[in-house]
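Enquirer: Take a look at the following structure, please.
Protein chains in written order, with our numbering: chain A, 4 to 304; chain B, 27 to 281.
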């Protein structure tokens, strides 16, 4: 059995001239909570659609649970809980949808469904079309999480949820997925939420994966280095993600080997003011927001 | 359980269909009870032909049956695509063919029941109005009411099947505008038929029902005169639309 729940190589999905997914190389370990981060329109949802067979890949290779979505999408869907569009069958109540959904999934758990309904404070007797946006999202999540699936793929799962419910949901997901060998693939641009529960992070922009690494590795490797000095070696060091000069100081963000980098700067006559770690939000902004450098996946993975 | 979903969507239309059949039955019984004098007078007049009465009444059913076929075709996958729940539905672990043919099978089963029920009432009406009028003649020879009943049931099923399949396909193609597109296609066909008839009188485009065969004794009795071929072609056409819907769904991305 492959150690990866999801693996893609040079995955492409084009809509006419638009490259929604443009050569995506991604590796999601089995049993991991994987945060798939990207700006709006980065290609997150399209990637999930392609991986589940809802959309056809234009090119490249992919495996989901050791299966090819192009030919085995039914088998993949039978083992995957998916939330993509927060739109269910409008005329059905929550209870109807549970009844409808249960028959498709052999590992469906009524106990889990009841638990999520209570925790998420859902009125299961209300028709889907009469639910608020937040409650619609909750019901979608309930249906996906109660499947008892090996792999759960959630696209922007906390969109529309209030902070209290978001907090409860994240706790529950950690409880249900920790040490169970199940994989949670979470696409989002709410970085703080991902940072709270994810073990792995992939950052996508313009259809390309710019960074894929363990979150802990990212935290220990990425550093902001502030220096004072003349004729500094701007953007020539291979680990530099970004470099900004202003008012006598230069601020570098490096993705790894901060110690060696600062030693190099000092050998060039620069004075290192400080070296500080970055949180996920700052790393994301450096990698995507400024878009100067693509960080190679191998460095941290 | 998927059939339960289709049942939920179609049950009101099915109930309306049964209600229409019930009203027809009520009307048949009421006429016999409240207008015995008129019926007796009709029986004493020129000889009534139950076969023609049957066919006249069955002709009246064409429009409601076509409407029911159209309504049933608008349920299922096309409706989900129109309402935006297509991603949810198609992320259930079944093939797209499964969804199409489950919808089709269950919808056609309901339509078959309605067609048979409606024809039973029509046959009852023909019997009651023309009771005791002797052997049934059609096209110069005797036929059985059962033969006419069978041909009319097949005709009704083909008509509703065609409407169902066409609407199902157009609903997959253009989502919530499928019913309108179906009506547009029908109107265009009916107009085209009249245009052809006007400019090329020798050419006759097929009728949506099997009416050209209904009045022919020989075809009803022996399935001669192209009735079998006509049924096969219409059945193939009615089936072509769900097949096309399946192919379309398999080829396209679900959004």
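The beta-carbon is built from N, C-alpha and C at its ideal position, and this holds for glycine as well.
Rounded to a whole number of angstroms, what is the C-alpha to C-alpha distance between residue 27 (chain B) and residue 74 (chain A)?
Expert: One-based indexing of the second chain puts residue 27 (chain B) at position 1. One-based indexing of the first chain puts residue 74 (chain A) at position 71. Cα-Cα distance, rounded: 25 Å.
Enquirer: Within this structure, are the beta carbons of residue 58 (chain A) and residue 70 (chain A) separated by less than 8 Å?
Expert: On the first chain, residue 58 (chain A) is found 55 positions in, with the first residue counted as 1. On the first chain, residue 70 (chain A) is found 67 positions in, with the first residue counted as 1. The answer is no: Cβ separation not under 8 Å.
Enquirer: For residue 106 (chain A), decide whether its Cβ has a neighbour in chain B, counting only Cβ atoms nearer than 8 Å.
Expert: Start at 1 with the first residue of the first chain, and residue 106 (chain A) comes out as number 103. Judged by the 8 Å Cβ criterion, residue 106 (chain A) is in contact with chain B.
Enquirer: Could you tell me the alpha carbon to alpha carbon distance between residue 273 (chain A) and residue 231 (chain A), rounded to whole angstroms?
Expert: Locating residue 273 (chain A) in the first chain gives position 270, counting from the first residue. Locating residue 231 (chain A) in the first chain gives position 228, counting from the first residue. If I take the Cα positions, the gap works out to 6 Å.
Enquirer: Can you tell me whether DSSP reads residue 3 (chain A) as helix, strand or coil?
Expert: There is simply no residue 3 (chain A) to check, as chain A begins at 4 and stops at 304 in what is shown.
Enquirer: Please determine, among A:247, A:285, A:240, the residue with the shortest C-alpha to C-alpha distance to residue 266 (chain A).
Expert: Reading the first chain from its first residue, position 263 is the one you call residue 266 (chain A). The shortest C-alpha separation from residue 266 (chain A) is found at A:240.
Enquirer: For the pair the region 197-206 of chain B and the region 50-57 of chain B, tell me if three or more CB-CB distances fall below 8 Å.
Expert: Result no; under three Cβ-Cβ pairs closer than 8 Å.
Enquirer: Between residue 90 (chain A) and chain B, is any beta-carbon pair separated by less than 8 Å?
Expert: Translated into positions along the first chain, residue 90 (chain A) becomes position 87. True, the Cβ-Cβ gap to chain B drops below 8 Å.
Enquirer: Compile a chain-ordered list of the residues in the region 107-123 of chain B whose CB is closer than 9 Å to at least one CB of chain A.
Expert: Flagged, chain order: 109, 110, 111, 112, 113, 114, 115, 116, 117, 118, 119, 120, 121.
Enquirer: Determine the DSSP secondary structure at residue 247 (chain A), reduced to helix, strand or coil.
Expert: Along the first chain, read from residue 1 onward, the residue named residue 247 (chain A) stands at position 244. If DSSP states are grouped into helix, strand and coil, residue 247 (chain A) belongs with the strands.
Enquirer: Taking C-beta pairs closer than 8 Å, name the residues in chain B that residue 85 (chain A) reaches, listed in chain order.
Expert: In the first chain, counting from the first residue as 1, residue 85 (chain A) sits at position 82. By Cβ distance, chain B contributes 117.
Enquirer: Cα separation between residue 214 (chain B) and residue 222 (chain B)?
Expert: As a first step, residue 214 (chain B) is located in the second chain; it is residue number 188 there, counting from the start. As a first step, residue 222 (chain B) is located in the second chain; it is residue number 196 there, counting from the start. The straight-line gap from Cα to Cα measures roughly 12 Å.
Enquirer: Do residue 97 (chain A) and the ligand NAD come close, with the Cβ less than 7 Å from some heavy atom?
Expert: Of ligands this structure carries none, so the ligand NAD is not represented either.
Enquirer: Compare the C-beta of residue 304 (chain A) against all C-beta atoms of chain B and say whether one is closer than 8 Å.
Expert: One-based indexing of the first chain puts residue 304 (chain A) at position 301. Note on residue 304 (chain A): pLDDT 36, under 50, position unreliable in the model; the coordinate value appears next. No - not a single Cβ of chain B is within 8 Å of the one on residue 304 (chain A).
Enquirer: Measuring alpha carbon to alpha carbon, tell me which of B:197, B:76, B:47 ends up nearest residue 102 (chain B).
Expert: By 1-based counting over the second chain, the position of residue 102 (chain B) is 76. Residue 102 (chain B) has its Cα closest to that of B:197, out of B:197, B:76, B:47.
Enquirer: Would DSSP call residue 39 (chain A) helix, strand or coil?
Expert: Locating residue 39 (chain A) in the first chain gives position 36, where the first residue counts as 1. Residue 39 (chain A) falls in the strand class under three-state DSSP.
Enquirer: As a quick exercise: from A:95, A:152, A:65, pick the residue whose alpha carbon is nearest that of residue 142 (chain A).
Expert: Within the first chain, the letter at position 139 stands for residue 142 (chain A). Comparing Cα-Cα distances from residue 142 (chain A) to each of A:95, A:152, A:65, the minimum goes to A:95.
Enquirer: Report all residues from its chain with a CB closer than 7 Å to the CB of residue 25 (chain A); omit the five preceding and five following residues, and keep chain order.
Expert: Against the first chain, residue 25 (chain A) aligns to sequence position 22. Only 15, 209, 210, 211 meet the Cβ criterion.
Enquirer: Taking only beta-carbon atoms, is residue 201 (chain B) less than 8 Å away from chain A?
Expert: For the purposes of this step, residue 201 (chain B) is taken as residue 175 along the second chain, with counting starting at 1. So, not an interface residue.
Enquirer: Distance, Cα to Cα, residue 155 (chain B) vs residue 76 (chain B)?
Expert: Taking the first residue of the second chain as position 1, residue 155 (chain B) is located at position 129. Taking the first residue of the second chain as position 1, residue 76 (chain B) is located at position 50. Roughly 8 Å between the two C-alpha positions.
Enquirer: Bridge partners for residue 32 (chain A) per DSSP, in chain order?
Expert: Numbered from its first residue, the first chain carries residue 32 (chain A) at position 29. In the DSSP output, where bridge partners are listed per residue, residue 32 (chain A) has A:7.
Enquirer: Between which two residues does the beta strand (DSSP E) containing residue 124 (chain B) stretch?
Expert: Within the second chain, numbered from 1, the residue matching residue 124 (chain B) stands at position 98. Segment 122-155 is the alpha helix (DSSP H) holding residue 124 (chain B); no beta strand (DSSP E) there.
Enquirer: Give me the Cα-Cα distance between residue 136 (chain A) and residue 130 (chain A), rounded to the nearest whole angstrom.
Expert: For the purposes of this step, residue 136 (chain A) is taken as residue 133 along the first chain, with counting starting at 1. For the purposes of this step, residue 130 (chain A) is taken as residue 127 along the first chain, with counting starting at 1. When rounded, the distance between both Cα atoms is 13 Å.
Enquirer: What does a CB cutoff of less than 7 Å around residue 7 (chain B) pick up in its chain, not counting 5 residues either side in sequence?
Expert: Nothing can be reported for residue 7 (chain B): it is not among the residues displayed for chain B, which extend from 27 to 281.
Enquirer: Which residues of chain B have a Cβ atom closer than 9 Å to the Cβ of residue 59 (chain A), listed in chain order?
Expert: Taking the first residue of the first chain as position 1, residue 59 (chain A) is located at position 56. Ordered by position in chain B, the residues that pass the 9 Å Cβ test against residue 59 (chain A) are 277, 278, 279.
Enquirer: Using the C-alpha atoms, what's the distance from residue 184 (chain A) back to residue 150 (chain A)?
Expert: By one-based count along the first chain, residue 150 (chain A) stands at place 147. By one-based count along the first chain, residue 184 (chain A) stands at place 181. Approximately 15 Å between the Cα atoms of the pair.
Enquirer: Quick test of your reading: residue 199 (chain B) and residue 261 (chain B), contact by CB under 8 Å. State the CB separation rounded to the nearest angstrom.
Expert: As a first step, residue 199 (chain B) is located in the second chain; it is residue number 173 there, counting from the start. As a first step, residue 261 (chain B) is located in the second chain; it is residue number 235 there, counting from the start. Residue 199 (chain B) to residue 261 (chain B), Cβ: 22 Å. No contact.
Enquirer: Taking residue 92 (chain A) as the reference, give the member of A:56, A:123, A:140 with the closest Cα.
Expert: The count along the first chain starts at 1 and reaches residue 92 (chain A) at position 89. Ranking A:56, A:123, A:140 by Cα distance to residue 92 (chain A) puts A:140 first.
Enquirer: Which class does residue 101 (chain A) belong to by DSSP, given the choice of helix, strand or coil?
Expert: Position 98 of the first chain, counted from the first residue, corresponds to residue 101 (chain A). In this structure, residue 101 (chain A) counts as helix in the three-state DSSP scheme.
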